[in-house]
Amino acid sequence: MSIVKMKKISLYGLNSEKDVLLRDLAFAGCVEIRDQSEKLQSEEWVGLVSPDTADLSLNRLEDKMSGVKSAIDVLTPLASKRKAFAPKPKKTVKDFERVLSEEASLLVISDAINEIVKRQDSLLTENSKAEVYISSLKPWEKLDIPMSLTGTKFTSLTIGTIPVRVEIDELKAKLNERDIEAHISVINSSKTTHYITVLYYKSCEDEVMDFLKDYSFNKVNLKRENHTISEEIKSYNKKIEKNIKELADIKKELTEFVENLGELEFLYDAYRAKHNIISIKSSLVKTNEVFLAEGYVPEKNTEKVDSIIEGYTAYVEYADPDDYEDTPVLLKNNGIITPYEMVTELYSLPKYGSIDPNSIMAPFFWLFFGIMMADIGYGLVMLGLGLFVLLKFKPTGFAGKLFGLVTQCGISTILIGIVYGSFFGDSIPIISELFTGKSVNIKSFIDPIKDPITVMLACIGLGFIHIIVGMGIEAYQLIKDGKPFDALFDIGFWYIVFAGIIAFLIIGKPGLYISAAGAIGLVLTQGRSKKGIFGKLSSGILSLYGITGYLSDLLSYSRLLALGLSSAVIASVLNTMGALGGRSIFGIVLFIVVFIAGHLFNLALGVLGAYVHSSRLQYVEFFGKFYRSGGIPFKPFKMKSKYVEFCETDNK
Amino acid sequence: MEILKEIFGNGTTYAILGAALAVAFSGIGSARGVAIAGEAAAGVVAEDPSKFGQTLLLQALPATQGIYGTLIAFIIMTKIGLIGSGLKSLSAGTGLAILCASLPMAIVGYVSAIYQGKTSAAGMGILAKNPSEVAKGMIYAAMVETYAVLALLISFLCIQNIPV
Chain A
1 MSIVKMKKIS LYGLNSEKDV LLRDLAFAGC VEIRDQSEKL QSEEWVGLVS
51 PDTADLSLNR LEDKMSGVKS AIDVLTPLAS KRKAFAPKPK KTVKDFERVL
101 SEEASLLVIS DAINEIVKRQ DSLLTENSKA EVYISSLKPW EKLDIPMSLT
151 GTKFTSLTIG TIPVRVEIDE LKAKLNERDI EAHISVINSS KTTHYITVLY
201 YKSCEDEVMD FLKDYSFNKV NLKRENHTIS EEIKSYNKKI EKNIKELADI
251 KKELTEFVEN LGELEFLYDA YRAKHNIISI KSSLVKTNEV FLAEGYVPEK
301 NTEKVDSIIE GYTAYVEYAD PDDYEDTPVL LKNNGIITPY EMVTELYSLP
351 KYGSIDPNSI MAPFFWLFFG IMMADIGYGL VMLGLGLFVL LKFKPTGFAG
401 KLFGLVTQCG ISTILIGIVY GSFFGDSIPI ISELFTGKSV NIKSFIDPIK
451 DPITVMLACI GLGFIHIIVG MGIEAYQLIK DGKPFDALFD IGFWYIVFAG
501 IIAFLIIGKP GLYISAAGAI GLVLTQGRSK KGIFGKLSSG ILSLYGITGY
551 LSDLLSYSRL LALGLSSAVI ASVLNTMGAL GGRSIFGIVL FIVVFIAGHL
601 FNLALGVLGA YVHSSRLQYV EFFGKFYRSG GIPFKPFKMK SKYVEFCETD
651 NK
Chain B
653 MEILKEIFGN GTTYAILGAA LAVAFSGIGS ARGVAIAGEA AAGVVAEDPS
703 KFGQTLLLQA LPATQGIYGT LIAFIIMTKI GLIGSGLKSL SAGTGLAILC
753 ASLPMAIVGY VSAIYQGKTS AAGMGILAKN PSEVAKGMIY AAMVETYAVL
803 ALLISFLCIQ NIPV
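Chains as they are written, first to last, in the working numbering: chain A, 1 to 652; chain B, 653 to 816.
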């Protein structure tokens with residue numbers, strides 16, 4: 001229900017035991033270790049300690065990691081599909097040490113896989129090159145002379161392409177006209193190009209070429225082979241076939257490696273964890289024999305750290321955090337409240353030593369969301385979806401919080417929906433009329449469309465409570481900080497003003513006197529930091545202007561009504577549209593289609609709007625009153641993993 | 653004279669004009685707003701297609717004004733009996749009152765949707781550089797929407813309380 005109490009931890013250990021000690025701490029995952037390098041500059045420490053040099057093995061480790069990773073990426077698509085959200089295999093310290101000691105044999109496997117993949121890639125490029133080559137030869141297939149033949153003693157044979165817009169007959173006529181002795185024959189024609197051969201006397205080569213150049217002739221050079229083009233194509237096709245066969249073999253070969261996938265993934269994660277340990281190590285300082293690690297640990301975890309230390313020659317010291325700005329923040333709430341941490345974390349974590357607002361904010365967020373959605377049907381959909389995901393997949397972290405929020409807000413949506421008498425808008429009267437001709441109504445306690453003013457006043461009243469609570473928390477913080485007078489002046493007097501206004505609304509004039517008393521208090525105290533009687537008085541009077549701020553805050557809560565109305569009215573528009581087809585087969589089909597598609601759309605839009613606007617009411621109207629933001633999240637030093645889950649002991 | 657009375661004395665025309673203005677201007681505003689956000693979204697998705705879903709959320713934010721406008725139009729149509737109970741005959745005064753009541757939604761809907769679109773587009777920048785903070789961009793856009801919500805509320809309350 002609060003911000004977890006932290007202790008500053010200083011851990012002294014032997015350099016010789018550093019690796020294993022850090023490994024055990026990482027497995028425990030409850031200590032945040034801070035970078036110590038600034039000690040090297042401070043006068044107190046300089047000369048005493050030296051930086052823990054970055055381990056050169058880091059680079060080698062990264063090489064190994066990328067090798068194993070690419071092997072994993074090759075095997076993953078070949079392996080049978082794993083279920084989404086399937087639990088990761090659990091690994092202990094012992095497993096971790098074992099896989100690292102067996103790394104040599106696993107690296108042989110991953111190298112072999114990468115070698116095979118290299119061969120596969122070269123075969124694939126070879127094939128695609130061959131295919132391009134074949135398609136360039138294809139048009140010349142009918143030319144059944146050896147590819148190396150370029151003429152006889154007196155004649156020359158040139159082959160090339162010419163655009164289709166050139167009429168070949170015209171070309172031949174032009175040749176005759178100019179008296180050039182050359183013979184053109186068309187081998188093949190495509191949509192854009194003629195493939196032609198030109199036979200001419202060697203003596204008039206230049207003439208022929210000049211002539212042809214005017215018609216965009218493009219000479220084609222063939223490889224000097226002694227067989228025909230069709231034979232060349234055949235031989236390349238054979239090569240492709242052979243490669244394909246080899247590729248199939250390679251695939252089979254790779255499939256045989258799939259059984260190693262699990263171990264490779266484990267090795268990769270072990271490398272990652274080791275990498276993490278080495279990088280943390282390099283941020284520590286040491287003397288010849290001893291190293292020092294400093295950071296933070298939640299108070300409740302100190303015993304755990306003690307028990308880890310027991311096995312080593314090490315000494316640990318705990319102290320209360322002195323610098324609240326620097327102390328990391330970890331929130332601890334029960335299962336009901338935890339989902340709402342998502343809303344707070346999005347804004348900013350509270351500072352260490354201030355108040356965790358989640359348990360106070362949660363009921364408001366829950367209620368506001370419900371008022372903005374306000375529909376039994378939509379609430380049931382949200383509740384169903386939320387529970388389904390939570391029970392089926394048991395998501396953790398962000399997804400767990402998200403679906404927890406969906407589930408809980410589904411409940412408030414149903415409750416307010418009952419108050420408004422809304423089930424998918426006004427679907428019940430409309431459906432009953434469509435099918436039976438009689439309109440059945442569900443009871444509504446307040447209908448926001450017919451009686452919006454009552455609902456709006458209720459929303460603003462709710463907002464008033466929200467704001468009062470926010471100010472109350474600030475008063476509590478001020479008193480806790482030893483500033484009770486500030487609490488009285490800044491918040492108490494405003495409370496008196498508000499109480500007077502309420503009294504005025506209920507019993508009339510006497511209320512005004514109470515307000516006036518509060519206002520006088522404000523005028524007298526709000527300028528207390530200013531110098532001079534005039535400055536004090538003027539800023540005191542100006543502070544009364546703050547009432548407009550509270551007024552606009554209150555009006556802001558009218559969005560609760562407006563968004564609720566909009567989702568209700570859209571729902572009823574959808575129902576009316578769906579019912580347009582009347583009581584016929586077509587009408588019923590139309591109704592079902594419009595009902596499902598339309599309400600899904602409205603639900604999605606409504607959830608987005610309700611989430612965003614409930615959050616805004618917390619951030620601007622509520623947090624603005626008291627929240628001390630800017631806490632640093634607690635980032636424990638732990639075993640990071642992707643494929644497996646590291647845990648300290650075997651018990652699951 | 654009779655013709656003028658026929659043209660200007662008919663309250664129903666004014667009321668329908670109000671509905672038309674509310675839906676048209678809010679709709680135009682939202683179309684522009686969604687387009688502005690969409691252009692920015694395309695840039696983000698070009699770099700990283702996996703962000704499509706999140707860009708869609710941001711892009712949808714300025715779409716609400718168009719829906720609010722439709723909502724006001726629908727309420728006017730129900731009020732004057734164009735939907736449901738049959739068209740009522742309105743005095744010119746009542747019709748004009750309904751027309752005026754639709755103006756907050758029409759005007760604020762138009763302007764706020766465009767500005768919200770710009771804010772959403774800026775939020776796309778957050779999404780591109782720091783995806784975990786995208787919800788903050790959504791809150792910024794929602795700050796703009798506040799005024800469309802207030803306009804909706806006033807238009808709604810006015811129309812609801814005009815006696816027909």
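Cβ coordinates follow ideal geometry from the N, Cα and C atoms, glycine included. Computed from a predicted model, the values in this text were never measured in an experiment.
Cβ neighbours of residue i in the same chain (closer than 6 Å, five flanking residues each side left out)
{"i": "N260 (chain A)", "result": "I109"}
{"i": "K242 (chain A)", "result": "none"}
{"i": "L11 (chain A)", "result": "A293 and V316"}
{"i": "N358 (chain A)", "result": "N333, I337, Y340, E341 and T344"}
Endpoints, the beta strand (DSSP E) within which residue i is located
{"i": "F445 (chain A)", "result": "No beta strand (DSSP E) holds F445 (chain A); DSSP gives it neither H nor E."}
{"i": "E294 (chain A)", "result": "V290 to P298"}
{"i": "A182 (chain A)", "result": "A182 to S189"}
{"i": "G631 (chain A)", "result": "S629 to P633"}
{"i": "Y315 (chain A)", "result": "A314 to A319"}
Span of the alpha helix (DSSP H) around residue i
{"i": "K7 (chain A)", "result": "Premise fails: K7 (chain A) lies in the beta strand (DSSP E), M6 to L14, not in any alpha helix (DSSP H)."}
{"i": "I719 (chain B)", "result": "T716 to K731"}
{"i": "N127 (chain A)", "result": "E103 to L137"}
{"i": "A28 (chain A)", "result": "K18 to A28"}
{"i": "V644 (chain A)", "result": "Neither: V644 (chain A) is in no alpha helix (DSSP H) and is coded neither H nor E."}
{"i": "G500 (chain A)", "result": "F493 to I507"}
Chain B contact for residue i (CB, 8 Å cutoff)
{"i": "L605 (chain A)", "result": "yes"}
{"i": "R616 (chain A)", "result": "yes"}
{"i": "L267 (chain A)", "result": "no"}
{"i": "A374 (chain A)", "result": "no"}
{"i": "R583 (chain A)", "result": "no"}
{"i": "L402 (chain A)", "result": "no"}
{"i": "L565 (chain A)", "result": "yes"}
{"i": "I395 (chain A)", "result": "Just to set this straight, residue 395 (chain A) is Pro in the shown sequence, not Ile. No, P395 (chain A) does not count as interfacial toward chain B."}
{"i": "Y476 (chain A)", "result": "no"}
{"i": "N651 (chain A)", "result": "The predicted position of N651 (chain A) is uncertain, since its pLDDT is 45 and thus under 50; a value taken from the coordinates is nonetheless stated next. Not one chain B Cβ lies under 8 Å of N651 (chain A)."}
{"i": "P633 (chain A)", "result": "no"}
Test: residue i CB closer than 8 Å to a CB of chain A
{"i": "T707 (chain B)", "result": "no"}
{"i": "V801 (chain B)", "result": "yes"}
{"i": "L805 (chain B)", "result": "yes"}
{"i": "K731 (chain B)", "result": "no"}
{"i": "L739 (chain B)", "result": "no"}
{"i": "I655 (chain B)", "result": "no"}
{"i": "A762 (chain B)", "result": "First, the amino acid is wrong: residue 762 (chain B) is Tyr here, not Ala. Chain A, which has no Cβ nearer than 8 Å to the Cβ of Y762 (chain B), makes this no."}
Same chain, Cβ closer than 8 Å to residue i, five either side skipped, listed in chain order
{"i": "E246 (chain A)", "result": "L123"}
{"i": "I467 (chain A)", "result": "Y550, D553, L554, E621, F622 and K625"}
{"i": "S807 (chain B)", "result": "A674, I724, A753, S754, L755, P756 and M757"}
{"i": "I501 (chain A)", "result": "G511 and S515"}
Chain A contact residues for residue i, given Cβ-Cβ distances below 9 Å
{"i": "A794 (chain B)", "result": "G609, V612, H613, S615 and R616"}
{"i": "A712 (chain B)", "result": "A604, L605 and L608"}
{"i": "K788 (chain B)", "result": "L346 and Y347"}
Listed by chain order, chain A residues near residue i by CB distance under 8 Å
{"i": "A758 (chain B)", "result": "Neighbours of A758 (chain B) on chain A: none; closest Cβ ~16 Å, over 8 Å."}
{"i": "I727 (chain B)", "result": "V569"}
{"i": "Q717 (chain B)", "result": "Those within 8 Å of Q717 (chain B) in chain A number zero; the least Cβ separation is about 11 Å."}
{"i": "Y720 (chain B)", "result": "S566"}
Same chain only: Cβ atoms within 7 Å of residue i, ignoring 5 sequence neighbours per side
{"i": "N114 (chain A)", "result": "G67, S70 and A71"}
{"i": "A487 (chain A)", "result": "A475, L478 and I479"}
{"i": "K652 (chain A)", "result": "For K652 (chain A), the predicted model reports a pLDDT of 38, less than 50, meaning its position is unreliable; a value from the coordinates is still stated below. Cβ within range, chain order: K90."}
Interface residues of chain B facing residue i [CB-CB closer than 9 Å]
{"i": "S558 (chain A)", "result": "V801, L802 and L805"}
Partner residues on chain B for residue i, Cβ-Cβ distance less than 8 Å
{"i": "A562 (chain A)", "result": "V801, L802, L804, L805 and F808"}
Cross-chain neighbours of residue i in chain A, by beta carbon under 7 Å
{"i": "T723 (chain B)", "result": "Strictly speaking, residue 723 (chain B) in this sequence is Leu, with Thr absent from that position. Per Cβ cutoff of 7 Å: S566, V569 and I570."}
Cβ pair count under 8 Å reaching 3, the region 149-160 of chain A against the region 214-227 of chain A: yes
Contact set between the region 568-581 of chain A and chain D, restricted to residues whose Cβ is under 9 Å from the partner: Among the protein chains in the structure shown, which are A and B, there is no chain D.
Inter-stretch contact at 8 Å, needing at least 3 Cβ pairs: the region 324-336 of chain A / the region 585-603 of chain A: The answer is no - the region 585-603 of chain A does not touch the region 324-336 of chain A, with fewer than three Cβ pairs under 8 Å.
Any 3 or more C-beta pairs closer than 8 Å across the region 15-29 of chain A and the region 273-288 of chain A: yes
Contact between the region 393-402 of chain A and the region 411-421 of chain A (3+ Cβ pairs under 8 Å): Counting C-beta pairs with one atom in each stretch, the region 393-402 of chain A and the region 411-421 of chain A have fewer than three that are closer than 8 Å, which means they do not touch.
Any 3 or more C-beta pairs closer than 8 Å across the region 261-269 of chain A and the region 628-635 of chain A: no
At least 3 beta-carbon pairs within less than 8 Å: the region 362-374 of chain A vs the region 601-617 of chain A: yes
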